[in-house]
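Chains as they are written, first to last, in my numbering: chain A, 10 to 900; chain B, 44 to 363.
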Amino acid sequence: MQRAVLEFRRQTGALGMRVDSAHAQRSAPRPAWHGRLFENFRNDALDAIPHEIRQRGQQNSLLRRNQFGFNIGGPVLIPHLVSAAANTFFSLSYEGVREHISRTVLQTVPTLAERTGDFSATVDKAGQPLLIYDPETTRPNPDFDSSRPVSTANLQYLRDPFPGNRIPMSRLDPTAQAAMALYPAPNTNVGPFFQNNFFINSPETNIANGVIAKVDTPVKDSHRLSAEVDYSNGLLGAPRWFPTDANPGPADRNFQNRMGSLQDVWTISPRTINTATLQVRSNVSKAGAGQAIFPRYVIAPYLGLGRAFPFSSVANNIYDWSDGISSRRGKHALRLSGRYTANQVNTFLPQFPEGLFRFSSGLTSLPGINDTGHGFASFMLGLSQYAERSVVADPSYFRRSSGTLGMADQYQAAKSLSIRFALATAVRTPRVEKYNRQSNIDLTRINPANGRPGALVAAGRDGVSRGFRPTTVSFQPSVSLAWNPLNRSDTVVRAAYSRANYSIPIYANQWGTQAFHARQTFISPNVQLAPALVLRQGIPPLGYALPNLSPEAANDSVADLLDMSGRLPMIQSASLSLERQLPKSIVVALDLGHSRGRDLLLSNGAANPNAIPAAALQYRDQLNDENFNASLRPYPQYKSFDLNSSYPLGQYQRDALSIRVEKRASGGLSVNAVYTFSKQMDDYSAPYGEQDFYNRRNDWALSAYSRPQELQLNYVYELPLGANKAFLPYADWRRFLVEGWSVSGNVYVAAGTPLALHPEFNNTGGVLSTLNVDVVPGVPQHVKDQGPALWFNPAAFDQPPDFTVGDASPTLPNLSNPGVHSFDLSVSKRFPLSADRTFEFNASAFDFINHADWNQPDTVIGPASAPNLNAGKIIGSHGGRVIQLGARLSF
Amino acid sequence: MIPRRQYGWPRAAAALVAVIACWAAISSASGAVIHLAVRSQSEQQRIFLPADFAVKVNGKAAPVLSAKNPRDSQMILLVLDLAGDMTDAQAAKDALAAAIEKLPASTFVALIRAQDGPTVLVDPTADRNAIIQAMQASAVTGKAGLLDSLPSMDALAESIAKVSNLRIATLYVTDSDVRNYREDFANPVINSSDPHDLSRRFPEALIEDKMDKMEKAVAARETPLFIVHLRYRTSKLNAAYQSGLKRLAETTAGWSAFCASPAEIPAAIEQAFAAISSQYVLTVGLPGRPAAVQIHVETRAAIEPPVELVYPARLLIKQR
């Protein structure tokens, strides 16, 4: 034993493991630098042709991608300054990306004939000729019986169709005609009829360079300092949907992401540790620089022209400081923590600087009669239903901060039971603007224009606070326990409950600055009779100077509304799990989870405080008159409100059962499989919006993104081949061939999201922005041989009659979209070059079985008189095998 | 009774002949020996003699020249790699203290801290209080240190085994998270603007490479490695890391445990010490000078009931 102890002392001295020997430190072996060089390569020559491209008869899906870089790390050694004994370490990583990748979209553009005003071949979704009416021939019907609903037999207005369903060239709007030169011609004919006639297969360019540098060093005996700097520049060259200035696709975007952090870990005593962290992060995004700006034309049902936010510059800066002190006292592990976060968003983001024009069928329809008229015909006549222009002179400088104080105690109540209590107190300030250039609608103030509640207020003026909302204080408790029943260490029961609030984020847009940056709004007095603006006349100049802080400044517009109540979204969750270790390294866990939320932040489609109650549908066609319509609104001076995903009203509930089976590594194989069965309901996520703002329980339905069944499977297998393995234990040159193989895989299989249907026509006079379909009683919704030819039975649903609500739920409880599958496989071979050096070759195949997922079915339900013949059918599939080859030299 | 003095020279001659025969046997084989760490998985307390073991090396019977058994002296190199949750760490320290108290007097324990490079806290000693006090005073902080310290610990254990006649075992008590290493195994996203990065779908490649290298390094190790991991993590990256740790222990005929809750920690540490204490070291003569050998060890057929043994099934031979 004595010899062993002496050898221990000698060897630990030689290895530099003794703190009491300066000589030993000097003679200790110098820690080596480690790192890697890598290249990941992808090329379309290696890939399967994506299904969506092959189905369009094309053979080309451009992909050229190189991802390369290095990492190096180890002790910092600076002669005469920093020695290995200083224990200072660094890590430096660089990664570059050069990529051209094809993006595909299937859309519908007008036929060449329609571009000349010829709608003689244009049909509706039932394949029947679609009549285009001349708005200049509109006249009241002297025989109209106002006691009966408007119908083809009782028209309120008479209007003549264009002869031959052709608009004379002389009537075409010159601005619309000029825009036709920028509209590409159809290039495919997927159908049905003339739909899906434009297939976009355009490359996207992605260039990025990034660096992560880290240093950590002990300071004295009790402190450890770590510093990190991240730097990344990128260019996302968006695909060109149109090769013209009217390209409606996204703009090119430059990114600059920076992050710096400093952390000090102070070991006050063996049982008390303090960790302080300061982090500064800046993400800058600039889009559209040097690119043409074109007005945005929204032309239902076609792909429009121009884009929103054609140029932008957004900087998101976050300053974050946190400190936590952890201490162990007896059976208690205590933690006190504090955090302060300041968030700045400096943004210049005009949405429609050249204007937005919406065109619908109303002005070329037979007034009050569905399935007549066409949005593109209205466009060719230059008759917009709605128009607006963003007048933004200055950037906005938004600020927000939050502070959190927390305490937690983990108590070892017994050998087999530990309980953790935590309580955090969060103080959050509302968003403010550096120069108080914010405005809002105060729903309690009287508007001088009409004496009704709802008037514009400006931040920091007239007794209004800078942020409109109060500073909030919330208490966020959580408790959890881990218990080994019957003192069995192979069985763990865990239970947890938590409650948390979160605040309204600062979005990148300039919403809430309406008094300083005007939104010129033009609303049709009757969407069937008169345009909001005529295209050739353009948008008139702003008739007043900015800022306009008068209480009426937002009248007759879509007004930005921030809820001033101080309500915060809240989420509560509870879980119970049982985990049991079985023989052969198998672990089985059963988890039950429940979570629910209230006052979740909603967007315009899910909430509308200015909605007209559904009972007003009794007024039927009168509702098309804007003045009458406005009179029914709670705040008639506003067309509607823009809520900017900030209105705290949503609710959700999720219940889930999951089973996890884990085969921990044995023989080099580890497998982890999780099956989850869940049900998530909410009143806000329906893809087409919510029907009735005042009766949200009726819109309580399956969440649009919920997948009731999901299976995730991950596996890693280190093949037991080679010199010290079970098979082919070659010790000679052959070991270079047989050892170092590993196979990894990811499998994801999930049921489809719930199906959401919507009627082809929404003739509710603007009362309901979203209309659900009707369910036809007694007709089965499922089809016998479900497939792309027919995914569901459209005959089980119907277009609701005019001026009535649909009785189906926003998402259907019994029908779902096609499921998704993903099978990824990676095979690696490592070639040992020396004890510390390895060359690894890797081939990864994503969707390696080249399995296509079906696209979603056509969900538009037409009226029985002119049904959508494509309803329930699926056009095509998407996906395809992608292969990436990688090489890495590690040392 | 025959007076001993009277037969002194024949005994000496017999001993000389035995030594020569043994030397000849070893010489004729190769002149090389390996030291196999072997332990019994049965709970019976029976002590086996060298003659009780039948060893095959590359399929051929090999002589067991000597065997150190659980009653012989032992040195445990206890390495603390604690940088995470203090509750887990304290549970481990308390369990270690209890286990160390029970060790026989012939077992020496050295205490080493893995953070910032392995550092000796207490030299090998039979003084239990010294170990326990130093262990309780050891801070739970810093970067994970198991992988960085393992080469040094490997060299240390092997050098002690080489010069001494002891059973040597290295026991790591760790709560390491693969993301807490200085070396970057997590491969974090560098370019957040890169929307089509598929290279991180299989994040375990880097740690697999590292564990593969470590496994090769310990494949020539004759002293077993025991690992008690205090916090099993289910993330894919940590699963690969923990899987690698398990392979490291298996390769050296050691033992590993991964605790899912603090309550499992005492039992895991108790089992680790039981496994360490049950360790034999067989000195086995090698036929030839192979670079690697496949090994089969069993107890002789006469021993009932049969005993299941744990030993390194394959061993790379060090160039001595």
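All residues carry an ideal CB built from backbone N, CA and C; glycine is no exception.
Residue closest to residue i, alpha-carbon to alpha-carbon, out of the options
i        : options                                : result
B/Leu368 : B/Ile319, B/Gln337, B/Val340           : Residue numbering for chain B in the displayed model covers 44 to 363; residue 368 of chain B lies beyond these limits and cannot be assessed.
A/Tyr444 : A/Pro462, A/Pro786, A/Lys882, A/Ala468 : A/Ala468
B/Leu108 : B/Lys99, B/Val100, B/Gln117, B/Ala94   : B/Ala94
A/Arg5   : A/Gln689, A/Pro657, A/Met573, A/Pro578 : Absent from the structure is residue 5 of chain A, since the part of chain A shown begins at 10 and ends at 900.
B/Lys145 : B/Leu329, B/Val336, B/Phe316, B/His339 : B/Phe316
A/Arg344 : B/Leu92, B/Tyr354, B/Met129, B/Glu226  : B/Met129
B/Ala160 : A/Ala185, A/Asp143, A/Arg27, A/Leu71   : According to the sequence as given, residue 160 of chain B is Gly; it is not Ala. The shortest Cα separation from B/Gly160 among A/Ala185, A/Asp143, A/Arg27, A/Leu71 belongs to A/Arg27.
A/Ser899 : A/Glu849, A/Asn859, A/Ala875           : A/Glu849
A/Asn252 : A/Tyr192, A/Asn518, A/Ile221, A/Val289 : With the sequence shown as reference, residue 252 of chain A is identified as Pro, and Asn is not the correct amino acid for it. Looking at the Cα atoms, A/Tyr192 is the closest of the given residues.
A/Lys134 : A/Ile884, A/Gly881, A/Pro876           : A/Pro876
B/Asp255 : A/Leu728, A/Asn613, A/Phe855, A/Leu609 : A/Leu728
A/Gly313 : A/Gly895, A/Leu392, A/Arg367, A/Gly25  : A/Arg367
A/Ala765 : A/Ala435, A/Gly774, A/Pro578, A/Thr820 : A/Thr820
B/Ala103 : B/Leu358, B/His339, B/Tyr354           : One point to set straight first is that residue 103 of chain B is Lys, not Ala, in the sequence displayed. Nearest C-alpha to B/Lys103: B/His339.
B/Val327 : B/Ser83, B/Gln84, B/Leu92, B/Val100    : B/Val100
A/Leu376 : A/Pro257, A/Tyr166, A/Ser346           : The question names Leu, but residue 376 of chain A is Pro in the sequence shown. For A/Pro376, the nearest C-alpha among the options comes from A/Tyr166.
A/Val436 : A/Leu414, A/Asn449, A/Asp418           : A/Leu414
Under the three-state DSSP convention, the category residue i falls into
i        : result
A/Leu372 : helix
B/Ala80  : strand
A/Gln68  : coil
A/Phe99  : strand
A/Phe251 : coil
A/Ala616 : coil
A/Pro183 : helix
B/Met254 : helix
A/Arg494 : Checking the displayed sequence, the identity of residue 494 of chain A turns out to be Pro instead of Arg. Here A/Pro494 sits in helix by DSSP.
B/Leu92  : coil
B/Pro167 : strand
A/Gln519 : coil
B/Cys65  : Interpretation of B/Cys65 is limited by its pLDDT of 49, a score under 50 that renders its predicted location unreliable; no figure is taken from the coordinates.
A/Pro556 : coil
A/Tyr703 : coil
A/Tyr240 : strand
Span of the beta strand (DSSP E), counted from its first residue to its last, around residue i
i        : result
A/Pro841 : 829–841
A/Arg454 : 448–455
A/Ile548 : Looking at the DSSP string, A/Ile548 is not in any beta strand (DSSP E), and its letter there is neither H nor E.
A/Leu15  : Counting along the chain, A/Leu15 falls outside any beta strand (DSSP E), though it belongs to the alpha helix (DSSP H) covering 11–23.
B/Tyr284 : B/Tyr284 -> not in any beta strand (DSSP E); alpha helix (DSSP H) instead, spanning 279–294.
Per DSSP, cross-strand counterpart(s) of residue i
i        : result
A/Arg791 : A small correction: the amino acid at residue 791 of chain A is His; Arg does not occupy that position in the sequence shown. Note: A/His791 sits in no beta bridge, so no partner.
B/Val327 : B/Ile77, B/Val107
B/His339 : B/Lys99
A/Asp783 : A/Asp807
A/Phe650 : A/Ala568
A/Glu145 : Answer is none; A/Glu145 lacks a bridge partner.
Extent of the continuous alpha helix (DSSP H) run through residue i
i        : result
B/Ser192 : 189–206
A/Val725 : Note, A/Val725: premise wrong, no alpha helix (DSSP H); beta strand (DSSP E) at 718–727.
B/Gln133 : 129–144
A/Phe745 : 744–747
Against chain B: residues of the segment 407–435 of chain A by CB proximity under 7 Å: Answer in chain order: Gln419, Gln421, Lys424, Ser425, Ser427.
Contact set between the segment 338–359 of chain A and chain B, restricted to residues whose Cβ is under 7 Å from the partner: Only Ala342 from the segment 338–359 of chain A bring a Cβ to less than 7 Å from some Cβ of chain B.
Under 7 Å (Cβ pairs) to chain A, residues found in the segment 94–126 of chain B: Listed in sequence order: Ser116, Met118.
Chain B contacts from the segment 826–848 of chain A (Cβ-Cβ distance under 8 Å): Of all residues in the segment 826–848 of chain A, Asp833, Ser835, Ser837, Arg839, Pro841, Ala844, Asp845, Thr847 have a Cβ within less than 8 Å of some Cβ in chain B.
Proximal residues, the segment 312–342 of chain B versus chain A, C-beta separation under 8 Å: For the segment 312–342 of chain B, the residues whose beta carbon sits under 8 Å from a beta carbon of chain A are, in order, Pro333, Ala334, Ala335, Gln337.
Residues, ordered as in the chain, of the segment 205–238 of chain B that lie near chain A by beta-carbon distance below 9 Å: Of all residues in the segment 205–238 of chain B, only Lys205, Val206, Ser207, Asn208, Leu209, Ile211, Arg225, Glu226, Asp227, Asn230, Pro231, Val232, Ile233, Asn234, Ser235, Ser236, Asp237, Pro238 place a beta-carbon less than 9 Å from a beta-carbon of chain A.
Residues from the segment 237–252 of chain B in contact with chain A, defined by Cβ distance under 8 Å: Cβ contacts with chain A come from Asp237, Pro238, His239, Asp240, Leu241, Ser242, Arg244, Phe245, Glu247, Ala248, Leu249, Glu251, Asp252.
Chain B contacts made by the segment 852–883 of chain A, where a contact means CB separation under 9 Å: The segment 852–883 of chain A vs chain B, Cβ under 9 Å: Ser853, Phe855.
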